[in-house]
Amino acid sequence: MDFQLTPEQLELRDSVRRYARDKLPAIAENIEKTGEPPSQELIREFAGMGFLGVNIPEEFGGLGLGNLEALIVVEEVAKISAAVAFPIFESCVGPVRAIERFGSDDLRNDVVPAVCRGDAVVAIAMSEPNAGSALTDLTTRGVIGDGQCVINGSKRWCSGGGHADGYLVYTRLSDEPGAKGIGAVYVEKGTPGLSFGEQESLMGFRGVPSSDIYFDNVAVPEKNVVLPAGGFKKLMTAFDLERCGNATMALAQASGALEDAIDYVQERKQFGKPIVDFQAVQLKLAEMQMQVEAARLLIYRAASNAQQGMPSMLDSSVAKCFANEIARSVTGTAVQLLGGYGYSKEYPMERRMRDGWGWGIAGGSIDIQKINIASALVGRRFNQRAG
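Read in numbering that gives the first Met the number 0, the sequence shown has 338 at position 339, and its numbers run on one by one without any break.
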């Protein structure tokens, strides 16, 4: 057991940190003002630096590194802005990894290298109006026959909705009830019958598009079926890695807030001295550091235990739950430490607090993670349904 990053991992972290601090704050500020997602130019720049394929095998155009290295990159960029980091999040720990792991050779060769090159952004479409936490209640239906899959239904809360170039759609592919009937299909934007609702206006996540998706006899080639009916469990093993990514995005809001707060309290003077000289401020900084470091270690444990594969539900849920909770706490404390500057939209701190709250909702709520943890501890799933 070694709690130190390797020299190569430290070099990666430091190089990404320098790049992010130098290049990205102005871009993040513009995204926050306009609500527009990262430009194609920036995504191509990320691709050129290998950020979009950190843990994707070299045969698909990735760097072939591990999940831990990918999460290190995600944190350093997301410290500046969750919206700026979102394309890296989606490519390294999002639906692309499910396609790479479970898709047909043709589909993987079509989609994964395009993402690594910055030519495509892929989003996940899971939730529905009546299937969020109760995901196995989804009703979107795909029918396979004559070499194609025809999909009908709708999706809610799709991050990337209307903007991404393709969607990994969780859909019912048989009449089997619950999880047994669920698989996943890849659908490209522009496919006839695919349409989108208006962009959501959210408390945070400016620059992360979100909309409803509608499927009206959307036909895709059968090769686009990533997993057939009965593949739900495999889908969720891939989603355990996305949970670690979610946890890292939350952690980044907290760790970025802590770094800014440390700088501020040493510069800000009241009563004739820097406010860091007041014991109350010192206690807050120590509490924030303990929370940030504990969250980071839980995330690193989940990634390290998985090696090159997918983290366990227990490890990923513990990491996500804790990181989601401390992101709210640490960013809230940082806003208080900065006072009026923390509450002003002229500075990034209040954005971090708003975005920090969002990660505890996205990708499975905090309470759902606690149910996952309890399920893993006792070795069985709990029936949440009445009766």
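C-beta: ideal position from N, C-alpha, C; glycine also. For clarity, every value in this text was computed on a predicted model and none was experimentally measured.
The beta carbons of Ala218 and Gln147 sit closer together than 8 Å.
Looking at the DSSP output, Cys320 shares a beta bridge with no other residue. The region 171-191 and the region 231-246 touch, with three or more beta-carbon pairs separated by less than 8 Å. Comparing alpha carbon positions, the residue from Glu31, Glu68, Glu44 and Glu40 closest to Ala301 is Glu68. Secondary structure note for Ser343: it is in no beta strand (DSSP E), with a DSSP letter that is neither H nor E. In the DSSP assignment, Cys148 is bridged to Ile143 and Val219. DSSP assignment within the region 104-135 yields the following whole alpha helix (DSSP H) runs of 4 residues or more, N-terminal first: 104-116.
A check of alpha carbon separations from Tyr213 across Gly141, Ala251 and Arg205 identifies Gly141 as the nearest.
Rounded to the nearest whole angstrom, the CA to CA distance from Met287 to Val329 is 6 Å. Linking Met312 to Leu336 through their CA atoms gives a straight-line distance of about 36 Å. For Ile30, the closest of Ile79, Thr138, Ile71 and Leu167 by C-alpha to C-alpha distance is Ile79. In the three-state DSSP reduction, Phe50 falls in the helix class (H, G or I). It is roughly 34 Å from the alpha-carbon of Glu127 to the alpha-carbon of Val334.
Taking 8 Å as the upper bound for CB-CB distance, Ala82 and Arg205 are in contact here, some 6 Å apart.
Apart from sequence neighbours up to five positions away, the residues of its chain that approach Gly165 with a beta-carbon distance below 7 Å are Val110, Ala119, Val121, Tyr185, Val186, Glu187 and Lys188, ordered along the chain.
Counting only the Cα atoms, Gly355 lies some 6 Å from Gln252. The bridge partners DSSP lists for Thr170 are Gly182.
Per DSSP, Val275 lies in no alpha helix (DSSP H) and is assigned neither H nor E.
With contacts defined by Cβ atoms closer than 8 Å, Val225 and Leu167 form a contacting pair. Apart from sequence neighbours up to five positions away, the residues of its chain that approach Ile98 with a beta-carbon distance below 8 Å are Leu106, Arg107, Val110, Val111, Val121, Leu167, Tyr185 and Val225, ordered along the chain. About 5 Å separates the Cβ atoms of Thr247 and Val73, confirming a contact at the 8 Å cut-off. With distances taken between CA atoms, Asn216 lies nearest to Val149 out of Ala249, Phe238, Asn223 and Val149. Taking the C-beta atoms as reference points, Gly203 is found no nearer than 8 Å to Phe88. Glu7 has its alpha-carbon roughly 37 Å from the corresponding atom of Thr33. Arg242 and Lys154 do not touch by the CB rule: their CB atoms are close to 19 Å apart, not below 8 Å. Put simply, the backbone Cα of Arg16 is about 42 Å away from that of Phe381. In this structure Leu62 is in contact with Gly49, their Cβ atoms being roughly 5 Å apart against a cut-off of 8 Å.
The secondary-structure analysis by DSSP pairs Phe214 across a beta bridge with Gly152 and Leu193.
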